[in-house]
Amino acid sequence: YFGFTFYYNNVEYNVGDSNGGYGKGVPTLKEPEDGRSHIQASLEDPINPSNMNVTSDGSYEDAFNKDFVLIATPDQTIVSIIKDQLVNLGVPDNIFNVQGLPSEIIDFGIEEKYDVVSPLF
């Protein structure tokens, strides 16, 4: 068995937030020592041999060692652009797998204060 999904790892702790400390409205009893909560949650159902789109006959046994495309983004416009470009390059559209990354939940950025999203295999 194998699976693939994205995991949400951290949420910034906001001192003085009217929602009890977390910017997303999650109540807390005390501020974490390192200034961050350590929430871990899957963002989507995992992609696995039973549900992924691959170049196979559709059976579980034929889902291994096959071509597939994984697109992960919070923006459906980007999904459409990527799909269109890959189809133009000759990639079959029946092997696309999309993992949505909800921008209303995830605080995207590259500095330490932003949330961490990690792939989990």
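The numbering used here runs 171 ahead of the 1-based position in the sequence shown. From the three backbone atoms N, C-alpha and C, an ideal C-beta is built for every residue, glycine too. Since we're looking at a predicted model, the values are computed, not measured.
Nonlocal neighbours in the same chain, by C-beta distance under 6 Å from residue i, ignoring five residues either side
| i | result |
| --- | --- |
| residue 226 | 237, 238 and 266 |
| residue 241 | 268 |
| residue 274 | 245 |
DSSP three-state assignment for residue i, whether helix, strand or coil
| i | result |
| --- | --- |
| residue 260 | coil |
| residue 179 | strand |
| residue 281 | coil |
| residue 210 | coil |
| residue 276 | coil |
Residue burial classification, residue i (beta-carbon count within 10 angstroms, cutoff 16)
| i | result |
| --- | --- |
| residue 235 | exposed |
| residue 281 | exposed |
| residue 218 | buried |
| residue 224 | buried |
Paired residues, beta bridge with residue i - DSSP
| i | result |
| --- | --- |
| residue 288 | 179 |
Close-in-space but distant-in-sequence residues of the same chain around residue i (CB under 7 Å, 5 per side omitted)
| i | result |
| --- | --- |
| residue 257 | 240 |
Sequence-distant residues of its chain with Cβ nearer than 8 Å to residue i (five each side left out)
| i | result |
| --- | --- |
| residue 178 | 211, 212, 213, 214, 288, 289, 290 and 291 |
| residue 173 | 219, 220 and 292 |
Could you pull out every unbroken alpha helix (DSSP H) segment of at least 4 residues lying fully inside the segment 222-273, listed in chain order? 247-259
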